[in-house]
Amino acid sequence: MTSPPDEGSTLERRLAALEETVARLSALLEPSLSVSKLAAPIASVALKDSSQHQFSSKFFALLDLGESLLKYGAALGLADAVAAGRMSAESVALLFRAPPSLGKLAELLRTQLDDTSSAGWTIDRLREAFRRPARRPTPNETARYLFEEFLNVRNTVRGHGSQQPEGYYEGLYLKHHLTVHDCIKACKFIELPLVSIHAVDNVDAQHEYRAAMLLGITPESILLRSPTRVSVGDTCVWDHGSRLLPLIDLVSFRYCPVCSLEHVFFAEQITADRIYFHSYTGNHRFDVPRAAH
Ligand SMILES: [Zn+2]
1241 MTSPPDEGST LERRLAALEE TVARLSALLE PSLSVSKLAA PIASVALKDS SQHQFSSKFF
1301 ALLDLGESLL KYGAALGLAD AVAAGRMSAE SVALLFRAPP SLGKLAELLR TQLDDTSSAG
1361 WTIDRLREAF RRPARRPTPN ETARYLFEEF LNVRNTVRGH GSQQPEGYYE GLYLKHHLTV
1421 HDCIKACKFI ELPLVSIHAV DNVDAQHEYR AAMLLGITPE SILLRSPTRV SVGDTCVWDH
1481 GSRLLPLIDL VSFRYCPVCS LEHVFFAEQI TADRIYFHSY TGNHRFDVPR AAH
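At position 208 of the sequence shown the residue is numbered 1448 (our numbering), and the sequence of numbers has no breaks.
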């Protein structure tokens, strides 16, 4: 075979260009996560990624998705600690006296996962997501990526004072989006429904709750019975049976004065007398007095 000396490299270049195009197309066509079975705080953010077309917007939506996954996990870990008596609600509130960084929230979640004295339906679900099955103390790939690589990339990109060229975000998006989506799929605790309690009746020895079930982005009215006592207005994780875990305002479904709709918020800061909420939905913020639940 006598071929011109640069034909091979031309073919390689063409092949590389073709591979890049295929990667770009599959990134754009990749079916979005099926959000209808994800708890609302994750579902609403997962939709933001697929609704963007610029790589910078898609990448920042992806950062929001990883952030909400970590925040939601931390909220469940802390709420479980309060429900099980390992921490008091006030000591959790003190952790939010100054807004905790995402790194701090990840560390709080890790502390709950590492506390071998704890067991229960919520903390066990968190361990299934973040620890190796045979050796529960050892972080798995999901934990390694989210708690280390994702946090580092997120802190670097959020730390840039100015917008980078579009190609920079394209590279980051293509590098990270499948891994973040894999984390979402591996974290089965986000498939536990979130419920917002609207009314309570006492039936036999149980409480009967009328609630909005917050899976996907459309709330659904349900009736459930539980021996757990929670208050009207509380937002809780529900195990599809009779168990409820109140999220003690760390995650809260509320009427939003910014957009006049009800949606889900994360507590950003809890002072002695006020709770400051932030939502990834529209980046809305508002605060309420702590007494008024
Ligand atoms: Zn709003």
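For every residue, glycine included, the Cβ atom is placed at its ideal position computed from N, Cα and C.
- Item | Check: residue 1353 C-beta below 7 angstroms from any heavy atom of ligand 1 | Checking the 7 angstroms criterion, the Cβ of residue 1353 is out of range of every heavy atom belonging to ligand 1.
- Item | Selected residue, minimal CA-CA separation from residue 1298, among 1421, 1381 and 1259 | Checking every option, the nearest Cα to that of residue 1298 belongs to 1421.
- Query: Would you report the Cα separation of residue 1361 and residue 1403, rounded to the nearest angstrom?
  - Reply: 43 angstroms
- Pull up the DSSP beta-bridge partners for residue 1379, would you. Note: residue 1379 sits in a beta bridge opposite 1371.
- Does ligand 1 have a heavy atom nearer than 7 angstroms to the CB of residue 1438? no
- Query: Taking all protein chains shown into account, do 16 or more other C-beta atoms lie within 10 angstroms of the C-beta of residue 1311, making it buried, or fewer, making it exposed?
  - Reply: buried
- Message: Any heavy atom of ligand 1 inside 7 angstroms of the beta-carbon of residue 1313?
- Response: No, the Cβ of residue 1313 stays beyond 7 angstroms of every heavy atom of ligand 1.
- Message: Rounded to whole angstroms, what is the Cα-Cα separation between residue 1388 and residue 1474?
- Response: Going by the C-alpha atoms only, they are around 32 angstroms apart.
- Task: Kindly list the residues whose CB is nearer than 8 angstroms to the CB of residue 1340, restricted to its own chain and excluding five residues on each side of it in sequence; keep chain order.
- Result: 1348
- Message: Please identify the residue among 1394, 1357 and 1351 whose C-alpha is closest to the C-alpha of residue 1379.
- Response: 1351
- Inspect the beta-carbon positions of residue 1561 and residue 1455 and report whether they are closer than 8 angstroms. Outside the shown range of the chain (1241 to 1533) lies residue 1561, about which nothing can therefore be said.
- Query: Quick one: is residue 1441 buried, meaning 16 or more other Cβ sit within 10 Å of its Cβ, or exposed?
  - Reply: exposed
- Message: Short of 7 angstroms in beta carbon distance, which residues of its chain neighbour residue 1333, apart from the five on each side in sequence? Order them along the chain.
- Response: 1510
- Item | Residues that residue 1441 bridges to, as DSSP identifies them | 1448
- Query: In this structure, does DSSP put residue 1527 in helix, strand or coil?
  - Reply: strand
- From residue 1242 to residue 1257, what distance separates their C-alpha atoms? Note that residue 1242 scores 48 on pLDDT, short of 50, meaning its location in the model is unreliable; the coordinates nonetheless yield the value given after this. C-alpha separation (whole angstroms): 25 angstroms.
- Query: Can you tell which of 1370, 1438, 1320 and 1292 has its C-alpha closest to the C-alpha of residue 1461?
  - Reply: 1438
- ligand 1: which residues have Cβ under 7 angstroms from any of its heavy atoms, chain order? 1496, 1498, 1499, 1501, 1503, 1519, 1521, 1522 and 1524
- Is residue 1465 helix, strand or coil when you go by DSSP? In the three-state reduction of the DSSP assignment, residue 1465 falls in the strand class, which pools E and B.
- Where do the N-terminal and C-terminal ends of the alpha helix (DSSP H) with residue 1284 fall, by residue? For residue 1284, the enclosing alpha helix (DSSP H) begins and ends at 1280-1290.
- Are residue 1476 and residue 1486 closer than 8 angstroms when you measure CB to CB? yes
- Excluding five sequence neighbours on each side, which residues of the same chain lie with their C-beta closer than 6 angstroms to the C-beta of residue 1489? Only 1507 and 1515 meet the Cβ criterion.
- Query: Does the stretch 1322-1331 come close enough to the stretch 1392-1411 that 3 or more CB-CB pairs lie under 8 angstroms?
  - Reply: Result no; under three Cβ-Cβ pairs closer than 8 angstroms.
- Task: Go to residue 1512, then tell me how far its beta strand (DSSP E) extends in each direction, as first and last residue.
- Result: From DSSP, residue 1512 is part of no beta strand (DSSP E); its letter is neither H nor E.
- As assigned by DSSP and simplified to three states, the class of residue 1324: coil
- Message: Given a cut-off of 8 angstroms on the beta-carbon distance, is the pair residue 1526 and residue 1497 in contact?
- Response: yes
- Query: Of all the options 1505, 1306 and 1259, which has the alpha carbon lying nearest to the alpha carbon of residue 1390?
  - Reply: Nearest in C-alpha terms to residue 1390, of all of 1505, 1306 and 1259, is 1306.
- What does DSSP give as the partner residues of residue 1486 in its beta bridges? 1476
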